[in-house]
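To keep things clear, I will list the structure first and then write my remarks on it.
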Amino acid sequence: MIAAASPLAEALLWRSHQTLRDHIIAEYNAYVPAVTAYLREARSLIHVFFDNWTSTGGQYAFTSLCVHYLNGEGKLVDHLLGLPELHGAHTGNNIASRWILRA
1 MIAAASPLAE ALLWRSHQTL RDHIIAEYNA YVPAVTAYLR EARSLIHVFF DNWTSTGGQY
61 AFTSLCVHYL NGEGKLVDHL LGLPELHGAH TGNNIASRWI LRA
């Protein structure tokens, strides 16, 4: 149907869940240098915080790593730095295990 409406639109459709996943990872990696530069230019302390969400019905759970700070113009800026899926209970040990840096 979409191809009949617009042949150009068909080329923009996701072909599989892997295509969408690859696109999201590429977008994330493209933003890392810019966010790193913004954090270096922070005019305040950088506040780190975590949050957890569970979807309706409890099928999916996520934990986030976020930061906020004042930029050079004195404006509050927030960045989401990570959003991995959380498996199991929302316990401190389980949440921390998602953020352990591995060399």
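So the sequence shown is numbered by the UniProt record's numbering: it starts at 1 and just counts up by one. All C-beta atoms in this analysis are idealised placements derived from N, C-alpha and C, irrespective of residue type, glycine included.
Exercise. In whole angstroms, what is the alpha-carbon distance linking E41 and P7?
Worked result: One C-alpha to the other measures close to 45 Å.
Exercise. Rounded to a whole number of angstroms, what is the C-alpha to C-alpha distance between V32 and G58?
Worked result: 30 Å
For this session: Using alpha carbons as the reference points, say which of I46, Q18 and A4 lies closest to G72.
Result: I46
Problem set entry | Beta carbon of L81 nearer than 9 Å to that of F62 | Not in contact: L81 and F62 (Cβ atoms no closer than 9 Å).
Exercise. Less than 9 Å separating the beta-carbons of H90 and N52?
Worked result: yes
Exercise. For C66, which residues from the same chain have a beta carbon less than 8 Å from its beta carbon, with the 5 sequence-adjacent residues on both sides left out?
Worked result: V48, F49, F50, D51, D78, H79, L80 and L81
For this session: Please go through the stretch 19 to 103 and give each complete alpha helix (DSSP H) segment of 4 or more residues, from N-terminal end onward.
Result: 92 to 97
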